[in-house]
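> Chains as they are written, first to last, in the numbering used here: chain R, 1 to 393; chain D, 1 to 469. My questions all concern the structure below.
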Amino acid sequence: MAWNRVAVVGAGLIKMGELFEQSYEQMAAGAFDAAVQSVDKGFEPAQVEAAFVATQRGTLWGQEGIGGNTIPTAIGLAGIPCTRIENACPSGSDAFRVGAMAVASGVHDVVLVIGVEKMRDKSTEEGLLSRAAAGHPIYTRGETAPVLFAPFATRHMHEFGTTREMLAAVAVKNHYNGARDPYAHFQNEITVDDVLASPPVCHPLHLLDCCPQTDGAAAVLLTSAERATEFTDAPVYVAGFGVATDHPYLHEKDSFIELKATRLAAQRAYAMAGVGPGDLDCAEVHDCFTITEILDIEDLGFVAKGDGGRATLDGETSLTGRIPVNTSGGLLAKGHPIGATGVAQLTECWWQLRGAAGERQVAMRNGYALQHNAGGRGSGVSVVNILTNHRDS
Amino acid sequence: MAIRLLGAGGAAPRWRLRAASVAEAWARTGGRGQVAVCPPDEDPLTLGWDAGSAALAAAGITADHVDALYWGTSRPPFAEGPSHAFCAAALGCSDHVAGALLSGSEHAGIDALLAAADAVAAGSSRIALVIASDARRPGPGSPFEARCGAGAAAVVLGASGGTAALGTRVTRSRPFVDRYRGDGEDDVRDLYDARLFREEIFVPVVAEVARALAAFDVQAWSIPDPDGRLGATVAKLVGHGAPESTSVYAAVGDTGAAAPLLGALGSFAAPGLVGVIGTGGGRTTGVLIDVETPVPGAARAVAALSGGEDVSYTSALRARGQLTPAGETIPMGVPPESALFVRGADEMLGLLGGRCVDCHTISTPPSIHPTCVACGGPKLEPVAIAREGQVHTYVVNYTMPAPFVAPLPIAVLDMDDGARLMLQVTGDGTDLAIGTRVELVLRKYAHERGVPVYGFKARPVRSPEEVTT
């Protein structure tokens, strides 16, 4: 039996992109408003009893002091309890999990989970790339974000014969989906040749194997399963979730063909939801790089270990495939505003489960969708949330 | 007391700069030969480490048996600071190691050799390691630039054993100014007047020292050669053909304080009396070395100087810090004087790991592993990590902020003792594959605010066939 004690009754996001003209606070207000407007039977902002905000790195725009108290003022709710959750790339997913537990505990009946991230206020060199100089002076020097994933691509290609064309197929599929998502950062289709011919970023990954730097915000509104129908006749329930950690440094890892934290988090989420990968109708997974999605779909159990590249090339994860993955365009096309990413993925799952995904809508057979992030220094943390469109299963 | 040579080693950076490239940059005609220049991660300390490690291995002596380290270089990495201590720690010497850092001019290499010899003769040192290394920074556009090389030589001295002995020495001191660098200056200034230097100073003084040594039956010479001709001029004055050091100057250029010993390494590979002359800072010293049978490591040391890859003039300028991008570079996250360096000195220069007493897994680095990475056990004992292993997986990073230089290979390594490391790799990554054998070498990771940061990098191991070709 699925957990189903908490329901999502509203969800929304702002158009992702390089939002130089919007402040952190304005992005948050935009996402909150979108979530409020999405509630079928109406929602008053003052109904929010508590908020959990996911922002991964304020230093990217020079504001590490950003705290939970920034958001209530930005959305006109100064005074409510609000806590910032930072858990690397899964910050948004984890804020959702914590928000769901806050509702399930009975302490709060209506909770806002909001993810906000400014990725482009500082130059790339000053912002994201500067981590190359951070950390241990020899064990982490030169370690930009692609260095945390490219070693898995090298090894996966070596052990399973995965090709650059298979990696490229992930980017091609996700851009195809992104071209059908009005909220995506990139809304253009690309070809395998485009990916192969793009400049090298971190061998074996090239530019179009990598997600862009994107500003964005997304929000969801949670309430108890009992009160859900006050807000909508089509609530989406939290069927289960799982979190796991792994060693943070790459050289501590046993394996470079899997993300162990993802495998463990998925096991926990499936057990809590009482479902398996075969019951899912779609999934939003962490595709910060093309190789990451290939690892994800293997570690989440959608395909056998080593088969992710072939399955992608054969269309098994396309909109009409056996298990559609990243229907929103994923991080590769929709964008990866870190704290907002997980919440935006959950919003896509909410749309899909309610049949509201428009051109991207996939067939609903069992009414389950999975959302996943992995991140941290060496994918040291992973979060999986499973949503469903029916309370009794 | 006899002063014996127990082993020798040599090193040169892997980059070669052609004199023609320098000439072209300054719109000059001509330009013969080539010099060795340092990539951004090599300097007199890393070169000295390379040569010193090779000399110890050739002598069959581990670093903890060295009781004195004598290091001569005109350019210690810290103008004032822990250069000697960093070098000793990276070599693996005991923390009681004595000796000295000799500097101040190109004469420093000979100074180090003779100071070590005196310590052995006096009985204050049983095993002394002598390192002479240099990588000077010539003024851009100066004639010296196309001649200024980089390299290192090392010998192990002891009171007994070995296959060669140090003998007679002679010094001539005359206060003149040739190539020099003032306090607060980064670049070496060139000669005031090359003809004045040649005829009034270099030839008379160096020839006087050479004649003193030539009273013995010298079969091979290492003679300073600041312009590609003067070495042969002096040799001719003592009735010798081109000095044996000529081939070393042709391969790597004028290596400053390293040049006298480096130029003699080839001659240590065959029996006979070798005359070694060094000059600089107004002093010229010659010493005789009697080679009975080939000195261990000498032939290999000469082979280590061959090969190398051609680089552009602009690459050499960038590596020497003489061509810098506008704007601010990204500061290092961890300044070398910080607490992390206090905790991490052993693991960065000594490459320590912590081995679990329960499951024997090695966790690295110890400072961030209070418990075992495999079983969580709380008892770890410090161990020196194996210096060879193979590539488990790797990347080549092309996208980094200044001062990083792309392409930068980074590899996850399976070391031969089972330890896992993730380290930068020397070179451009084109020689890497999963399974490639590597050895760990000391390299400079960063240089900021005048402070170098050293640590180990992986270097693909070349097969013996590749070394000779």
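Cβ coordinates follow ideal geometry from the N, Cα and C atoms, glycine included.
1) Give the residues from the segment 198-216 of chain R that approach chain D closer than 7 Å (Cβ to any Cβ), ordered along the chain.
2) Counting only Cβ pairs nearer than 8 Å, list the residues of chain D close to His251(R).
3) Just the chain D side, please: which residues come within less than 8 Å of Gly142(R) by C-beta, in chain order?
4) For chain R, find out if any of its Cβ atoms is closer than 9 Å to the Cβ of Leu45(D); answer yes or no.
5) My output table needs one value for Phe152(R): the three-state DSSP class, helix, strand or coil.
6) Can you check whether the CB of Gly450(D) is closer than 9 Å to the CB of Leu349(D)?
7) Quick test of your reading: Leu262(D) and Val276(D), contact by CB under 8 Å. State the CB separation rounded to the nearest angstrom.
8) Nearest-angstrom Cα distance between Val467(D) and Ala301(D)?
9) Hey, quick one: how far does the alpha helix (DSSP H) through Arg318(D) stretch, first residue to last?
10) At a CB distance below 7 Å, what residues from the segment 149-173 of chain R approach chain D? Give them in sequence order.
11) With a cut-off of 9 Å, does the C-beta of His247(R) fall near any C-beta of chain D?
12) Please report the straight-line C-alpha distance between Ala304(D) and Ala12(D), rounded to a whole angstrom.
13) Only counting the same chain, and skipping five residues up and downstream in sequence, which positions put a Cβ closer than 7 Å to that of Phe256(R)?
14) Could you have a look at Asp94(R) and say whether DSSP puts it in helix, strand or coil?
15) In whole angstroms, what separates the C-alpha of Leu77(R) from that of Cys210(R)?
16) To the nearest angstrom, how far is it from the Cα of Gly455(R) to the Cα of Ala169(R)?
17) Starting from the beta carbon of Tyr270(R), find every residue of chain D whose beta carbon is closer than 8 Å, and list them in chain order.
18) Between Thr469(D) and the rest of its own chain, which residues show a CB-CB distance below 6 Å, the 5 nearest in sequence each way excluded?
19) Give the interface partners of Val362(R) over in chain D, defined as CB-CB distance under 9 Å, in chain order.
20) Expressed to the nearest angstrom, what Euclidean distance is found between the alpha-carbon atoms of Phe197(D) and Leu191(D)?
21) Output, in chain order, the set of chain D residues within a Cβ distance shorter than 9 Å of Ile138(R).
22) Answer yes if the segment 425-435 of chain D comes into contact with the segment 365-383 of chain D, meaning at least three C-beta pairs across the two stretches below 8 Å, and no otherwise.
23) Is Gly429(D) close to chain R? Criterion is C-beta to C-beta, closer than 9 Å.
24) Does Asn188(R) come out as helix, strand or coil in the three-state DSSP assignment?
25) Taking only the alpha-carbon atoms, compute the straight-line gap between Cys359(D) and Gly344(D) and give it to the nearest angstrom.
26) With 16 as the cutoff for other CB atoms within 10 Å, does Leu470(D) come out buried or exposed?
27) Quick check on the burial criterion: 16 or more other C-beta atoms within 10 angstroms. Buried or exposed for Asn69(R)?
28) Against chain D, does Ser105(R) count as a neighbour if the rule is that its beta carbon must be under 9 Å from one of theirs?
29) Is there contact between the segment 96-106 of chain D and the segment 20-38 of chain D, where contact requires at least three CB pairs shorter than 8 Å?
30) Could you tell me which residues DSSP pairs with Tyr454(D) in its beta bridges?
31) Just to confirm my understanding: we take Arg437(D), look at its own chain, exclude 5 residues before and 5 after, and list those with CB closer than 6 Å. What are they?
32) Use the C-beta contact count for Lys236(D): other C-beta atoms within 10 angstroms, 16 or more gives buried, fewer gives exposed.
33) Closer than 8 Å by beta-carbon distance: list the chain R residues that pair up with Thr393(D), in chain order.
34) Measuring straight from C-alpha to C-alpha, what distance separates Leu331(R) and Ala344(R)?
35) Using beta-carbon positions only, say whether His286(R) and Ser382(R) come within less than 9 Å of one another.
36) Sorted by chain position, which residues of the same chain lie with C-beta nearer than 7 Å to Glu439(D)'s C-beta, five sequence neighbours on each side aside?
In this structure, then:
1) Pro200, Val201, Cys202 and His203
2) Thr364, Val412, Leu413, Arg420, Leu421 and Met422
3) Asn397, Met400, Phe404, Leu408, Ile410 and Gln424
4) no
5) helix
6) no
7) Actually they do not touch by this definition, with Cβ atoms about 10 Å apart.
8) The predicted position of Val467(D) is uncertain, since its pLDDT is 46 and thus under 50; a value taken from the coordinates is nonetheless stated next. Distance between the alpha carbons of Val467(D) and Ala301(D) is about 11 Å.
9) Tyr313 to Ala319
10) Ala150, Pro151, Thr154, Arg155 and His158
11) yes
12) 7 Å
13) Pro151, Phe152 and Arg155
14) helix
15) 37 Å
16) A query on residue 455(R) cannot be resolved here, the shown segment of chain R reaching from 1 to 393 and no further.
17) Chain D residues near Tyr270(R): none, gap ~26 Å exceeds 8 Å.
18) For Thr469(D), the predicted structure reports a pLDDT of 36, less than 50, and the residue's modelled location is therefore unreliable. The matter cannot be settled from this model.
19) Simply none; closest approach about 34 Å.
20) 7 Å
21) Gly344, Glu347, Met348, Pro365, Leu423, Gln424, Tyr445, Val453, Tyr454, Gly455, Phe456 and Lys457
22) no
23) yes
24) coil
25) 24 Å
26) Residue 470(D) lies beyond the residue range present for chain D, which begins at 1 and ends at 469; the question has no answer from this structure.
27) exposed
28) no
29) no
30) Lys444(D)
31) Gln390 and Val461
32) exposed
33) Pro151, Phe152, Thr154, Arg155, His158 and Phe256
34) 10 Å
35) yes
36) Arg387, Glu388, Arg459 and Val461
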